[in-house]
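A quick write-up on the structure given underneath.
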Amino acid sequence: MKRRSKEPNFIVFITDQHRADHLGCYGNNIVQTPNIDNLAKAGTKFEKFFVSCPICMPNRATFMTGRMPSLHGVRQNGISLSFEEVTFTQLMRNAGYRTALIGKSHLQGMSATAVEVGLPLHDPKKKQPSFDLSEARRRRWSDGEYQQELKPTWNKDPFFEPKTPFYGFDHLSLAIGHSDRVWGHYSRWLAERHPDPESIRGPNNALPATRDIKAPQAWRTAIPEELYPTTFIAEESISFIKDQAKNHPNSPFMLQCSFGDPHHPFTPPGKYFDMYDPADVPLPDAYNHPEDKWPPHLAAILAERDAGLSNKSGQRAFGATEEEVREAIALNYGSITMIDDAIGQVICTLSDLGLDDNTVIIFTTDHGDFMGDHQLLLKGALHYQGLIRVPCILSDPNDSSAPGICSGLSGTIDLAGTILEIAGIQSFNGIQSKSLVDIAHGLEARTGLIIEENQRRGYMGLKDNFKARTLLSGDWRLTLYSDTDWGEIYNLKEDPNEFHNLWNDLKYASIRSMLLEQMLREIMDGSEMSPVATTHGP
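According to our numbering, the sequence shown is numbered sequentially starting from 110.
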């Protein structure tokens, strides 16, 4: 890597709920993603890149902090990232970077619905502690600081603005939520361009579809392409870059361009809705797999489908029919191609302004989607590859020797430290990142990677507040669930579809023991290292 003449700029493109293999550069020959593919050609594509947790908020907090959910505290959706946690953008801002977050944040809860399940038990016969002593940490999330992404907050005050710096971001232009039901700054932008925005949002205002829609949570949105959230995010990103070039040419910038799609509901607008024909979508191999071979948690979900009891209107995985899967994938492709077009516009602006030769570009997502794998749609606490393996592309114009493909183990946890390293900024004590640059160049390696899961609501035959831990090591994936006498072991090289669970196979007993020991060692290595002791021991 050659010496830089000045501090590099950064653009991090993040999508939501996006499988690695739903990109052309990751081997998909149907979905059209030429701009993202070009990023991969110009940089490094990470083939074994995994989340820290396959849910939005925990993994987004890991991206911002370079720390595991068990350390940064965002164990599940609905727990906001504490402002006491240090983020890499705070360090960049401290070093003179202009920082901007445009699009989806999801560092704080987006739903105002009260929690009803998985709550701690209280004995009414005992004296109850005061509110500030009722949790292990005094810091609480009920003082308004952690309600800045809630829809009622924005609806109550038409001039509401989140307090900045917001986790290290000085400039905010938020599009909170998914599909055509997004709020935040986007709602104001939409209201300036349409006389009655609510008349074009949601399934009740949907346009007539050209076909019978089979996929749950899917409709032909009445919002046209030019008013859709993806367009807003692209336009706001372009405006920030233009302002940067005109008014702050001597200051480096860090821009997070964060799209709420292709997360369900599936509502690609305009031409993108019919861009892909469900009939052209091949079914995942799971639909040809013998039904008596499923592990218990998966069997429980599919049994709900077969009994007509699936909840297809929520957020968790459900058993899907062949028609539902084909349609969902086709609509998912449409949303992805629209995002790719938007990314192309942003990159074109960067080039037109002469900023491309000093701007590091990263593309990734927060987690995947089953999209028919194991006959499932959406996401859940089943750590199959379609959910936990995500795309990551790092394109640095200053690193001409970067390999085109990296097969080393890496993950979302490595992004914060990598950005700080490229920027020449010392990271903070307690960060758990390794350098993606060093991993790509073979100078550093991960022997294993842990994925954490802490679910509040029990399902799949598991109790409330169940937990799961996964180890990825070499060709192996091992997963343990709390309160069960079974687990999962898959040889990903020989069984990439994860159809053959080897947990109870005596031929792999030694492998099981080895992986369990390695999992424990990885968990120990990932234990808290902050703060540093302030006094010497006895």
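The beta carbon of each residue, even a glycine, is placed where N, CA and C say it ideally should be.
Bear in mind that the values here come from a model prediction, so they are computed numbers and not experimental data.
Quick check on the burial criterion: 16 or more other C-beta atoms within 10 angstroms. Buried or exposed for residue i?
| i | result |
| --- | --- |
| M569 | buried |
| Y396 | exposed |
| L418 | exposed |
| R247 | exposed |
Looking at C-alpha atoms only, which residue of the options is the closest neighbour of residue i?
| i | options | result |
| --- | --- | --- |
| I534 | S191, N203 and S296 | N203 |
| V121 | S161, N137 and A209 | A209 |
| T222 | H645, A324, M201 and P261 | P261 |
| T273 | L486, L283, P267 and Q541 | L283 |
| L281 | M363, A331 and A327 | M363 |
| L462 | A577, L587 and A354 | A354 |
| Q454 | A642, F341 and E413 | F341 |
| F349 | L407, R498, I456 and F269 | I456 |
| L180 | L392, S161, T588 and E433 | S161 |
| I332 | D321, Q326, P306 and E344 | P306 |
| G596 | H492, N563, D125 and G539 | H492 |
| E345 | L580, H287, C366 and E433 | C366 |
| P325 | V183, N420, P404 and K351 | N420 |
| Q126 | F575, Y385, G520 and V499 | V499 |
| P267 | I522, S296, Y590 and G286 | S296 |
| K115 | N467, T330, I448 and P512 | N467 |
| A409 | Y381, A532 and L571 | L571 |
| I145 | H645, I598 and I445 | I445 |
Can you give me the Cβ contacts of residue i inside the same chain, cut-off strictly under 6 Å, excluding the 5 residues immediately before and after it?
| i | result |
| --- | --- |
| A149 | C134 and I502 |
| C390 | Correcting the residue type first, residue 390 is Val in the shown sequence and not Cys. These residues qualify, in order along the chain: R435, I438 and A439. |
| P317 | none |
| N441 | P371 |
| D394 | N606 |
| Y255 | S189 and Q217 |
| M628 | L580 |
| L485 | A426 and F479 |
What would DSSP say about residue i, mapped onto helix, strand or coil?
| i | result |
| --- | --- |
| G443 | helix |
| P378 | coil |
| A408 | helix |
| D125 | strand |
| P261 | helix |
| N563 | strand |
| A315 | coil |
| H483 | helix |
| D450 | helix |
| M628 | helix |
| T579 | strand |
| E116 | coil |
| G293 | strand |
| F240 | helix |
| K602 | coil |
| C457 | helix |
| L558 | strand |
| V434 | helix |
| D370 | strand |
| H357 | coil |
| I342 | helix |
| V226 | coil |
Give every residue of the same chain whose Cβ lies closer than 7 Å to the Cβ of residue i, excluding the five residues on either side of it in the sequence, and list them in chain order.
| i | result |
| --- | --- |
| E530 | S544 and V546 |
| Y206 | P361, F362 and M363 |
| R566 | V226, G227 and D573 |
| H303 | I309 and L336 |
| N137 | D130 and H131 |
| A300 | P306 |
Just to confirm, is the Cβ distance from residue i to residue j under 9 Å?
| i | j | result |
| --- | --- | --- |
| I470 | S504 | yes |
| S542 | A525 | yes |
| P338 | D289 | yes |
| F159 | I497 | yes |
| I452 | K154 | no |
| M173 | N186 | no |
| R586 | I632 | no |
| T473 | I211 | no |
| P377 | N610 | no |
| R329 | P387 | no |
| I448 | M177 | no |
| G286 | M201 | no |
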